[in-house]
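Student:
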Amino acid sequence: MIDTSAILAFMNAADEHHELVRAWLEREDDDLVTTPLIIAEVDHLVAARGGRAALDALRADLVAGAYVVDWWPSAITTAVRVAQQYADSALGLADASLVALAERLATVDIATLDERHFRAVRPLAAGDAFRLLPMDS
């Protein structure tokens, strides 16, 4: 699974984590699965910060299938429940949607640079903690 922060770092060569994420993605064989909430967040941030060329590149990647977007009927209910459970840490709905997706995929692996949220949040099913990639790899 992949979070907004990892996608943004990969897209932006000037990002301090770009090389770390790029190198990890080059080694990664699994699909980059995410949620529509993450895609919407990335789209918004790239439009606001990256300009037209970056936004066009992101959207071309989406059309080409660079990311597998997974959503199901009860996803929003689970994501809202997780966001409410971690309201004190200001966990947003996009991040909470990845917690729900992790349960659906039975994984604890998340490609993210958002240690503040994902070190505090516990998986719903498998494991005691999330493994944050590429830092924990």
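Offset between the sequence shown (1-based) and my numbering: plus 137.
Ideal Cβ positions, reconstructed from N, Cα and C, are used throughout, including at glycine.
Every value quoted in this text rests on a predicted model; they were computed, and no experiment measured them.
Classify S234 as buried or exposed, calling it buried when 16 or more other Cβ atoms lie within 10 Å of its own Cβ.
Tutor: S234 comes out buried.
Student: Buried or exposed for E156, going by 16 or more other Cβ atoms inside 10 Å?
Tutor: The residue is exposed, with fewer than 16 neighbouring Cβ atoms inside 10 Å.
Student: What is the C-beta distance between V245 and A266, in whole angstroms, given that I count them as a contact (C-beta under 8 Å)?
Tutor: So it is a contact: roughly 7 Å between Cβ atoms.
Student: Tell me, please, which residues DSSP counts as bridged to I176.
Tutor: Looking at the DSSP assignment, I176 forms no beta bridge with any residue, so it has no partner.
Student: Taking 8 Å as the cut-off, does the segment 202-222 touch the segment 167-183 (at least 3 CB pairs, one atom from each stretch)?
Tutor: Yes: the two stretches touch, three or more of their Cβ pairs being nearer than 8 Å.
Student: Buried or exposed, going by whether 16 or more other CB atoms sit within 10 Å of the CB of T171?
Tutor: Buried, because 16 or more other Cβ atoms sit within 10 Å of the Cβ of T171.
Student: Could you give the distance in angstroms between the alpha-carbon of L169 and the alpha-carbon of D198?
Tutor: Rounded to whole angstroms, L169 to D198 spans 12 Å at the Cα level.
Student: In its own chain, which residues sit with a C-beta less than 7 Å from the C-beta of L195, not counting the 5 before and 5 after it?
Tutor: Once the five neighbours on either side are set aside, the close Cβ partners of L195 are M148, V179, D180, V183.
Student: Cα separation between A257 and Q221?
Tutor: A257 and Q221: Cα-Cα distance of roughly 14 Å.
Student: State the DSSP-derived secondary structure class of T215, mapped to helix, strand or coil.
Tutor: Helix, per DSSP.
Student: State the DSSP-derived secondary structure class of A243, mapped to helix, strand or coil.
Tutor: Looking at A243 - three-state DSSP - the assignment turns out to be coil, as it is neither helix nor strand.
Student: Helix, strand or coil: how does DSSP classify L169 here?
Tutor: Three-state result, L169: coil.
Student: Considering only residues of the same chain and omitting the five flanking positions on each side of P271, which have a CB-CB separation below 6 Å?
Tutor: Counting only Cβ-Cβ distances below 6 Å, and skipping sequence neighbours, we find L157, W161.
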